[in-house]
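Heads up: the sequence lines are chains A and B, in that order. Under numbering that gives the first Met the number 0, think of the first position of the first sequence as 0, with each following residue one higher. Under numbering that gives the first Met the number 0, think of the first position of the second sequence as 0, with each following residue one higher. Beneath this line is the structure, given in structure tokens, with notes to follow.
Number of protein chains: 2
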Amino acid sequence: MSKLRGASGRSFSEFELIARLSKGIRVSRRTILGIGDDCAILARPRGQTLFTIDSLVESVHFDLRWGTPEQIGARALTVNLSDIAAMGGRPTACVVNLAVRDGISASTLDGIYEGLRKAAREASTDIVGGNVTRARELSITIALLGEIGRDAMRRDAARPGDEIFVTGTLGDAAIGWRILAGKIKPPKDRAARKFVVERFLNPQARLYAGERLASLQPTPAAIDVSDGLMQDLGHILERSGVGAEIDASRIPVSAAYRALMGDNLAHALTGGEDYELIFCVQPGHSEAALSRRLRIAVHRIGTIVRGKRLKVIGASAPIAAGWDQLRSRG
Amino acid sequence: MSKLRGASGRSFSEFELIARLSKGIRVSRRTILGIGDDCAILARPRGQTLFTIDSLVESVHFDLRWGTPEQIGARALTVNLSDIAAMGGRPTACVVNLAVRDGISASTLDGIYEGLRKAAREASTDIVGGNVTRARELSITIALLGEIGRDAMRRDAARPGDEIFVTGTLGDAAIGWRILAGKIKPPKDRAARKFVVERFLNPQARLYAGERLASLQPTPAAIDVSDGLMQDLGHILERSGVGAEIDASRIPVSAAYRALMGDNLAHALTGGEDYELIFCVQPGHSEAALSRRLRIAVHRIGTIVRGKRLKVIGASAPIAAGWDQLRSRG
């Protein structure tokens, strides 16, 4: 075991840290044994198990100066919850690996865990295991389990003729991130600025919408928007062996987006971190009916077609690109 | 998405990397959907679920110069498999988070994944999800699921009068690590040196022994030796609210250990990374019968007693310490 050196110069062991961070964690009756043994023990799930892992790395995905430690902790879970939402499942339990560098104060770690605990509680998810290690940079890696009692929404289920919908609005988080990272000048419209920065710092996983979507017949294809509409829709196209036509004029953007970007749809098309859901359903669902069902505004943005191209029409400047070209831009 | 720069200067996207590393991964029929969607989908397990996470970080847990990338990949899974072994379960599926720094070649990553795939195959464990991220140092974080159809072996199950056993030999890996890290002079006895270095680089999870142990009635208390006998036995004592007396003269050490360390038991008592099992059972089990049952040599090293102290007797220099004092040494 090695010592971690806090901001105050005080050293603490990895054991002391995990004990400190585990305080106040409550678990549901699904969890037979939580933190404190070699493994957690979980009751037999009701349906199939969903399993995913994601990581937030300092200087790649977040900066401690951008917001509060609580926001980082919550976000680390939310990016995983969003993967469960995209398949229509219900999150159940997670394990957390925290890599800590020298110079991080115990109160920062407390804050990260406070945000994590709160996000877990809101999503009825148990934190059942934790590991702390030393590293050169701070990172939080969470593996999350979910359960699903029906067919999951998969990326490979899109069929020609399906209509493509998206929840909420796109591109806000990408602008917020660019403002925080100093990549674009802080806009004068403070309300708009606040809105997009909030969208980046406090993403919401569309768990309710995902569960409601998965109950449609036939089961929709779906994915969450983590890397941007073009890229993430591209994953559906690749896995389903189909193409798509997107009508840029139908892509939902917020009033703040309009105020900051005007008609420039670049961030709505390619910006990530929104954690909205893209889904493909057979024709016959109106935007209004789906919005009521999912309890969030949804917009129809295009159609699944034969072929392998993702074509964008209706933008002021026409955009057309195969998703694989976009993909290789990384 | 951001680009990773390989050793050759060639950049590759995180998507390209995950696609490359996922090639050649086969899964069992327990896995309904593996790598390639938002989550993996797993069939309903037969019993309760075990869930654990662990991480290997470059410069903290390994150095690329010490061995092969295959060994690092295998080790990253083995440290998790050992946690399943310590509870008596059977590993089923894992998800892998790979953090990659600039300057790591694609062939190094291929090697890590090759070792990981091989270790997973040998343990009948499916690799069902992967995430790749940029970072300042290389690390591999794996979350592992297992299943168990009977009561798990827990740390809190030790009772006064129980006899304490350990599988295999202790302290080898700690010496091997110190040789690799340049903390002790490379010994002249090359066979002994090779043996202890191998024990560090190629640890084995005691999965068969764990499963066989868990079928004993009453279910033993158990833990794996990741941080050293004193520390890990200390976890059993803390969780069970008991003390222990260890007879140092009975602690099993290898011929290589004797050749390199003579009568100095420090590494056998406090050195980690052996991934042997410590377990506590009611009296009546002989070393010979248990060794046959578990298919590995086991030795009785002491007894669980009332109180809260971990007392070591029979060493050439008497050692007595509360486990909590040892613990705070970190």
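Note that beta-carbon positions come from the ideal geometry of N, C-alpha and C, so glycine has one too. Keep in mind the model is a prediction, meaning the values are calculated, not measured.
message: I want to see whether chain A comes within less than 8 Å of Leu16 of chain B, judged by CB atoms only; does it?
response: The count along the second sequence starts at 1 and reaches residue 16 of chain B at position 17. False, the Cβ-Cβ gap to chain A never drops below 8 Å.
Per-residue burial, Ile303 of chain A [other beta carbons within 10 Å of its own, 16 or more giving buried]: If you number the first sequence from 1, residue 303 of chain A lands on position 304. That one is buried.
query: Bridge partners of Asp221 of chain A, per DSSP?
result: Numbered from 1 along the first sequence, position 222 holds the residue referred to as residue 221 of chain A. In the sequence on display, residue 221 of chain A carries Ala and not Asp. A:Phe278.
query: In this structure, does DSSP put Pro90 of chain B in helix, strand or coil?
result: Counting from one through the second sequence, the residue named residue 90 of chain B turns up at place 91. The answer is strand: DSSP assigns Pro90 of chain B an E or B state.
query: Cα separation between Val127 of chain A and Leu276 of chain A?
result: Reading the first sequence from its first residue, position 128 is the one you call residue 127 of chain A. Reading the first sequence from its first residue, position 277 is the one you call residue 276 of chain A. Each residue's alpha carbon lies about 27 Å from the other.
For Arg299 of chain A: DSSP bridge partner residues: Taking the first sequence and counting its residues from 1, the one referred to as residue 299 of chain A is at position 300. Answer by DSSP bridge pairing, in chain order: A:Phe164.
message: I believe Ala42 of chain B touches Arg29 of chain B by the beta-carbon criterion, under 8 Å. Please report the beta-carbon distance rounded to the nearest angstrom.
response: Position 43 of the second sequence, counting from 1, holds the residue named residue 42 of chain B. Position 30 of the second sequence, counting from 1, holds the residue named residue 29 of chain B. Indeed they touch by this definition, with Cβ atoms about 5 Å apart.
Best match in A:Asn96, A:Gly72, A:Phe164, A:Pro185 for proximity to Ala258 of chain A [C-alpha to C-alpha]: The sequence position of residue 258 of chain A within the first sequence is 259, counting from 1. Ranking A:Asn96, A:Gly72, A:Phe164, A:Pro185 by Cα distance to Ala258 of chain A puts A:Pro185 first.
- prompt: Under three-state DSSP, which class holds Val26 of chain B?
  reply: Your numbering for residue 26 of chain B matches position 27 in the second sequence. It is coil, neither helix nor strand.
query: Which first and last residues belong to the alpha helix (DSSP H) in which Lys193 of chain B is found?
result: For this step, residue 193 of chain B is matched to residue 194 along the second sequence. 189–200 is the extent of the alpha helix (DSSP H) around Lys193 of chain B.
query: Does any C-beta atom of chain B lie closer than 8 Å to the C-beta of Asn130 of chain A?
result: Indexing the first sequence from 1 puts residue 130 of chain A at position 131. Yes, Asn130 of chain A counts as interfacial toward chain B.
- prompt: Using 8 Å as the threshold, is the stretch 43–54 of chain B in touch with the stretch 78–87 of chain B, meaning 3 or more CB pairs across them?
  reply: yes
task: Could you give the DSSP three-state label for Gln47 of chain B: helix, strand or coil?
output: Locating residue 47 of chain B in the second sequence gives position 48, where the first residue counts as 1. Reduced to three states, the DSSP call for Gln47 of chain B is strand.
query: Residue range of the alpha helix (DSSP H) that Ala105 of chain A falls in?
result: Locating residue 105 of chain A in the first sequence gives position 106, counting from the first residue. Segment 105–121, the alpha helix (DSSP H) holding Ala105 of chain A.
Proximal chain A residues relative to Glu272 of chain B, where beta-carbon distance stays under 7 Å: As a working mapping, residue 272 of chain B is identified with position 273 in the second sequence. Result: empty, since nearest Cβ-Cβ is about 11 Å, beyond 7 Å.
message: Going by the DSSP bridge assignment, what does Ile126 of chain A pair with across the sheet?
response: As a working mapping, residue 126 of chain A is identified with position 127 in the first sequence. Paired residue(s): A:Cys93.
message: Does the CB of Ala157 of chain A have a neighbour CB from chain B at under 8 Å?
response: What you label residue 157 of chain A is simply residue 158 of the first sequence in a count that begins at 1. No, because no Cβ of chain B sits closer than 8 Å to the Cβ of Ala157 of chain A.
- prompt: Taking the C-alpha atoms as reference points, what is the distance between Gln230 of chain A and Arg100 of chain A?
  reply: As a first step, residue 230 of chain A is located in the first sequence; it is residue number 231 there, counting from the start. As a first step, residue 100 of chain A is located in the first sequence; it is residue number 101 there, counting from the start. Taking the straight line joining both Cα atoms gives about 33 Å.
query: Of all the CB atoms in chain A, is at least one closer than 8 Å to the CB of Arg211 of chain B?
result: The residue given as residue 211 of chain B occupies position 212 in the second sequence. By this cut-off, Arg211 of chain B is not an interface position.
- request: Give the C-beta separation of Val165 of chain A and His284 of chain A to the nearest angstrom, bearing in mind that I take them to be a contact with Cβ-Cβ under 8 Å.
  value: Translated into positions along the first sequence, residue 165 of chain A becomes position 166. Translated into positions along the first sequence, residue 284 of chain A becomes position 285. Not a contact, Cβ separation roughly 13 Å.
- request: Using a Cβ-Cβ cut-off of 8 Å, state whether Phe278 of chain B counts as contacting chain A.
  value: The count along the second sequence starts at 1 and reaches residue 278 of chain B at position 279. Closer than 8 Å: no.
- prompt: Per the contact definition of three or more C-beta pairs closer than 8 Å, is the stretch 116–127 of chain A in contact with the stretch 168–181 of chain A?
  reply: no
- prompt: Along the chain, where does the alpha helix (DSSP H) that runs through Leu179 of chain A open and close?
  reply: Mapped onto the first sequence, residue 179 of chain A falls at position 180. Unbroken alpha helix (DSSP H) run through Leu179 of chain A: 171–179.
Nonlocal neighbours in the same chain, by C-beta distance under 7 Å from Leu137 of chain B, ignoring five residues either side: Taking the first residue of the second sequence as 1, we reach residue 137 of chain B at position 138. These residues qualify, in order along the chain: Glu57, Ala98, Val99, Arg100, Ile103.
- request: Quick one: grab the DSSP three-state call for Leu137 of chain A.
  value: Along the first sequence, one-based indexing puts residue 137 of chain A at 138. DSSP places Leu137 of chain A in coil when its eight states are reduced to three.
- prompt: Do we get a CB-CB distance below 8 Å when we pair Thr47 of chain A with the residues of chain B?
  reply: Stepping through the first sequence from its first residue, residue 47 of chain A is reached at position 48. For clarity, residue 47 of chain A is Gln in the given sequence; the question names Thr instead. Chain B contact via Cβ: present.
message: In the DSSP output, which residue or residues are listed as bridge partners for Glu146 of chain B?
response: Counted from its first residue, the second sequence places residue 146 of chain B at position 147. DSSP, once it has assigned bridges, lists B:Thr48, B:Arg89 as partnering Glu146 of chain B.
- prompt: Using a C-beta to C-beta distance shorter than 7 Å, which residues of chain B count as neighbours of Glu136 of chain A?
  reply: Here residue 136 of chain A corresponds to residue number 137 of the first sequence, with the count starting at 1. In chain order: Ala134, Arg135.
message: List, in chain order, every chain A residue whose beta-carbon is nearer than 8 Å to that of Pro44 of chain B.
response: Stepping through the second sequence from its first residue, residue 44 of chain B is reached at position 45. In chain order: Arg43, Pro44, Thr48.
query: Which residues in chain B sit within 8 Å of Ser54 of chain A, going by Cβ to Cβ distance?
result: For this step, residue 54 of chain A is matched to residue 55 along the first sequence. Ordered by position in chain B, the residues that pass the 8 Å Cβ test against Ser54 of chain A are Asn96, Ala98, Asn130, Thr132, Thr140.
query: Cβ atoms of Thr91 of chain B and Leu348 of chain B: under 8 Å apart, would you say?
result: Chain B is shown from 0 up to 329; residue 348 of chain B falls before or after that span and cannot be answered.
- request: Please say whether Ile245 of chain A and Gly175 of chain A have beta carbons closer to each other than 8 Å?
  value: Residue 175 of chain A sits at position 176 when you count from the first residue of the first sequence. Residue 245 of chain A sits at position 246 when you count from the first residue of the first sequence. Not closer than 8 Å, so no.
Cross-chain neighbours of Ser153 of chain A in chain B, by beta carbon under 9 Å: What you label residue 153 of chain A is simply residue 154 of the first sequence in a count that begins at 1. In the sequence as displayed, the identity of residue 153 of chain A is Arg instead of Ser. In chain order: Leu32, Asp36, Asp37, Ile40.
task: Report yes if the CB atom of Ile71 of chain B is closer than 8 Å to the CB atom of Arg154 of chain B, and no otherwise.
output: By one-based count along the second sequence, residue 71 of chain B stands at place 72. By one-based count along the second sequence, residue 154 of chain B stands at place 155. No, the pair does not count as a contact, with Cβ atoms beyond the cut-off.
field: Minimum C-alpha distance to Arg292 of chain A - residue among A:Ser248, A:Leu206, A:Asp109
entry: Along the first sequence, read from residue 1 onward, the residue named residue 292 of chain A stands at position 293. The residue with the shortest Cα to Cα distance from Arg292 of chain A is A:Leu206.
Reduced DSSP secondary structure (H/G/I, E/B, other) of Asp231 of chain B: As a position in the second sequence, residue 231 of chain B is number 232, starting the count at 1. Residue state, collapsed to three classes: helix.
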